[in-house]
Ligand code: PLP
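Have a look at this one:
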């Protein structure tokens, strides 16, 4: 009876993110989860699922970690809250800043704290515009992002986002955001005869005039846009391009940070150091809200010299002590348990599984994986590249079949795609990957039998 009441209250009182409103009102929630332990979550009916996507790609160390609960409790009892305003500080935020500086690539040694990924990108965009304004070049305000990108839902982050669904549902986005075709390495290197040149970052910079461009923002590996891994050389080409025109490079490591791709940070795969780097999600493995935008010593020092030091931007919860304490403990777990190495090793198992799916199912195509960030695409006819009709809801249907078989995966369907994302907690072993692949295989088969 309690469960029925929960369903009714959810229908009546709870407005879910990105959910068809009518459907939710009629059917109630897809799952009501009550417990989590390791890589598994249990719902209100006692059904246990393997969480193959770490919730929202964030529960990197898995569920039910006593150490993280203890760290939060201890910090709440010691100093429950402390602000970073008026030049105040506290020991945990200082220690976390130092720790992040020691981990981040290059001279990304300075952190500004937020409560999540959207706020981190929002802050990065404002830092970049503040920089150019203080440099006496206020006309340098345009931000170039990539099509298919996802940067969050605050006004600046949503304006930078390239996935159409997130922008089309409101009447106006912020001005001065431009979108380039992703991963056009040849164009970015300067080959103006390469196809798509006008819509590449370089093509857009040349058309708009570099003196109007403040920064470029991109995910090292696009997540929500379909797990799109850039070709070798792409990130380096964008770094070079930004250097050529003095444009600031922002990378969004909200998903790729903290081990997800088999390196601590995604950009390490290509040995690129951005000017600003946004992190969130895996910084606390989702146990508590925290994000940061990291910047280079050079950028911070230049800002200090330029602007009489006042950046009028900050959140009540910038550098929240409890969140910082949990982050420090979470990073300790990632390091002590060598979870970044494990993600790297498990990538091999994931590739084996994805290749097996491609070999055994006609509709399974284009396997992709980097660390424990992987996926497979469903195509009606891979030989001709024919996609499924949107009305088939191919990826969502397969994911529903997975849920029947106690496995949670995520369909990525924005912009007409049908990708199934696989991004389990970084603590998985070979057998867990095999379970995920076997269950996904059965689920694809069930879907094939129904529609083909
Ligand atoms: N950037 C990327 C790459 C993301 O995947 C997300 C969330 O999925 C965000 C930003 C937004 O982060 P948040 O939901 O914490 O605001």
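Residue numbers (our numbering): 741 to 1192. Ideal placement from N, C-alpha and C gives every residue a C-beta, glycine not left out. From a predicted model like this one, the values you see are computed outputs, not experimental measurements.
- Measuring C-alpha to C-alpha distances from residue 842 to each of 1050, 975, 826, 1004 identifies 1004 as the nearest.
- Taking 6 Å as the cut-off, the C-beta of residue 959 counts as close to a heavy atom of ligand 1.
- For residue 885, the shortest C-beta to heavy atom distance toward ligand 1 is 6 Å or greater.
- At least one heavy atom of ligand 1 is found less than 6 Å from the C-beta of residue 856.
- Under the three-pair Cβ rule at 8 Å, the region 876-887 counts as touching the region 943-959.
- For residue 855, same chain residues with a beta-carbon under 7 Å away, outside a window of 5 residues either side, are 1029, 1030, 1031, 1055, 1057 in chain order.
- Residue range 848-854 is occupied by the beta strand (DSSP E) that includes residue 850.
- According to DSSP, residue 877 shares a beta bridge with no other residue.
- The DSSP assignment places complete beta strand (DSSP E) segments of no fewer than 3 residues inside the region 1041-1113 at 1104-1110, in order along the chain.
- Every beta strand (DSSP E) of 3 residues or more that sits fully in the region 984-1030 is shown, in chain order, as 988-992, 1016-1019.
- The alpha-carbon of residue 959 is positioned some 16 Å away from that of residue 904.
- Closest by C-alpha distance to residue 1074, out of 1145, 997, 1104, is 997.
- An exposed status is given to residue 772, since fewer than 16 other beta-carbon atoms sit within 10 Å of its beta-carbon.
- It is roughly 44 Å from the alpha-carbon of residue 1127 to the alpha-carbon of residue 870.
- Scanning the region 898-950 from its first residue to its last, the whole alpha helix (DSSP H) runs of 4-plus residues come out as 904-908, 925-928, 941-948.
- Taking the C-beta atoms as reference points, residue 1013 is found no nearer than 7 Å to residue 993.
- Under the DSSP assignment, residue 775 falls in the beta strand (DSSP E) whose first and last residues are 773-777.
- The beta carbon of residue 1002 sits no closer than 6 Å to any heavy atom of ligand 1.
- Residue 1138 holds the alpha-carbon nearest to the alpha-carbon of residue 1150 among 1156, 1144, 1138.
- Below 8 Å, too few C-beta pairs join the region 1173-1187 and the region 809-827 to call them touching: fewer than three.
- Placement of the Cβ of residue 1162 at a distance of 6 Å or more from every heavy atom of ligand 1 is found.
- Runs of the alpha helix (DSSP H) lying entirely within the region 805-842, each at least 4 residues long, are 806-818 in chain order.
- Spanning the alpha carbons of residue 1084 and residue 961 requires a straight line of approximately 15 Å.
- Between ligand 1 and the CB of residue 995, the shortest heavy atom gap is smaller than 6 Å.
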